Amino acid sequence: MLTRRAVLAGLAGMSVVHPAWAVDAPFNSAWAAYRRRFVRATGRVVDTGNHGISHSEGQGTGLLFAVAADDRDSFAAIWEWTQANLRRDDGLLAWRWLPDGPVSVPDRNNAADGDLLTAWALARAARRWTVPDYRVAALRMAAAIRGKLLVPGGRGGMPLLLPGTQGFQHEDGLTLNLSYYVFPAFQELAALERMAAVPGADQAWQAVARGGLDLIREARFGAHSLPPDWLLRHQDGELVPDPRFPPRFGYDAVRIPLYLALAGLLAPDLAAPFRALWLTAPPPGWVDLVTGAVAPYTEHGGYLSVAKLIVDGAAPARDLTAEDDYFSASLTLFAQLPLA
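Heads up: the sequence shown is residues -22 to -1, 1 to 318, going by mature numbering (1 follows the signal peptide of the UniProt record, and there is no 0).
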């Protein structure tokens, strides 16, 4: 496991070093099953656990898996649907698309994780397949994310990542979601913009990544010292679970160690609270960080794949089952991304 010094060295070099995907037959097989179940022929990725809606997170996830599996046709279809249905004028994506409502996109707000996943996938696709249009699209999204979602206010002048352009800046502070800090996307976009000679971009991505690591180290609550799904940063810098949401470590926050691991940034001190929780028992669905209560059920599927990745250093290949909804299946494939 990485030392903290290695993590800092990785951040310093994130503009030129990023993981490469190897050819991986088990992942390609898992992607084929995922595609059959969740990706429509039109390129719409369906969240089967959320009334069949689609969202920018799902579209970005589908794009990422498609490029990892070297599936150019699926990538093109997913990107075409995403542009046609979610693209905003500012380069970001509307966060949600409804299949049955009178208006498909009633809320034009964005979601930072969906934007980052999509930009990451586009940059990957541009490099893997040498498609200039994907590179142009990735650069546009990267600039929009930096310009609209990175705001001042972190310790030592580090920028903070807003979850969306609207609704997260309050009189009592900023609402943050640490699972939206997609660290491998920061690495990819830093490299992309450095190669394009975008002034100041490399430093901005390094700064938000450093700030995210600092937040994860500080945002530890309850007996298990875990981060909440939603965090409030007061104007004076104090961090508390955001009272607008249940004070839980759950399905959002489980992605925090996942993205750290995929970026090669999971230092021992960062991994410790997650490993401690998952070493002793099957993962609970959530942990209340105030009362200490846990969900009356344990997790399986993709959640367990993430836990095994963090505890054991690798997630064994597993076939998707009928019980895997979109999110569980997505976690399964994320935990098995063929990084080399």
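For glycine and all other residues, C-beta sits at the position ideal for the given N, C-alpha and C.
Nothing here was measured: the structure is a model prediction, and the numbers come from that model.
Through-space distance from residue j to residue i, alpha-carbon basis
| i | j | result |
| --- | --- | --- |
| residue 340 | K286 | What the structure shows of the chain is the stretch from -22 to 318, and residue 340 is not part of that stretch, so it cannot be assessed. |
| residue 332 | D91 | With the chain running from -22 to 318 in the structure shown, residue 332 is simply not present. |
| N63 | A104 | 22 Å |
| Y275 | W256 | 14 Å |
| L42 | R233 | 15 Å |
| D68 | E171 | 18 Å |
| A121 | R198 | 31 Å |
| S(-8) | Q181 | Here S(-8) scores only 44 on pLDDT, less than 50, and its place in the model should not be relied on; the value that follows carries that caveat. Going by the C-alpha atoms only, they are around 9 Å apart. |
| D150 | G132 | 15 Å |
| H148 | R86 | 19 Å |
| residue 338 | L311 | Nothing can be reported for residue 338: it is not among the residues displayed for the chain, which extend from -22 to 318. |
| L309 | Y281 | 6 Å |
| A300 | W9 | 15 Å |
| G291 | G79 | 43 Å |
| P179 | T143 | Note on residue identity: the sequence assigns Ala, not Pro, to residue 179. Roughly 19 Å separates the two Cα atoms. |
C-beta contact flag for residue i and residue j at 7 Å
| i | j | result |
| --- | --- | --- |
| W59 | R22 | yes |
| F161 | W183 | no |
| Y159 | P141 | no |
| A254 | G263 | no |
| R13 | S52 | yes |
| P225 | P251 | no |
| R96 | Y304 | Checking the sequence shown, residue 96 turns out to be Thr, not Arg. No, the pair does not count as a contact, with Cβ atoms beyond the cut-off. |
| L100 | Y112 | yes |
| V186 | P137 | yes |
| P316 | F5 | yes |
Boundaries (first-last residue) of the alpha helix (DSSP H) holding residue i
| i | result |
| --- | --- |
| R86 | Per DSSP, R86 belongs to no alpha helix (DSSP H) and is neither H nor E. |
| L41 | S34 to A46 |
| W73 | Element bounds for W73: n/a, residue is neither H nor E. |
| T310 | Y304 to A313 |
| G190 | A179 to E196 |
| L204 | Here L204 belongs to no alpha helix (DSSP H), and DSSP marks it neither H nor E. |
| E58 | R50 to L64 |
| residue 397 | In the structure displayed, the chain extends from -22 to 318; residue 397 sits before or after that span and is not available. |
Residue span of the beta strand (DSSP E) that contains residue i, given as start and end
| i | result |
| --- | --- |
| L210 | L209 to R211 |
Test: residue i CB closer than 7 Å to a CB of chain C
| i | result |
| --- | --- |
| L298 | The question asks about chain C, but that chain is absent: this structure has only one protein chain. |
Whole beta strand (DSSP E) runs in the segment 111 to 172 with 3 or more residues, listed along the chain? 151 to 154
Could I get the ranges of all uninterrupted beta strand (DSSP E) runs contained in the segment 214 to 298, with 3 residues as the minimum, in chain order? 217 to 219
Sufficient close CB pairs (3 or more, under 8 Å) joining the segment 239 to 254 to the segment 209 to 225: no
Is the segment 261 to 271 close to the segment 176 to 192, with three or more CB pairs under 8 Å? no
Taking three-plus beta-carbon pairs below 8 Å as touching, is the segment 195 to 211 in contact with the segment 146 to 154? yes
Cβ pair count under 8 Å reaching 3, the segment 26 to 46 against the segment 70 to 85: yes
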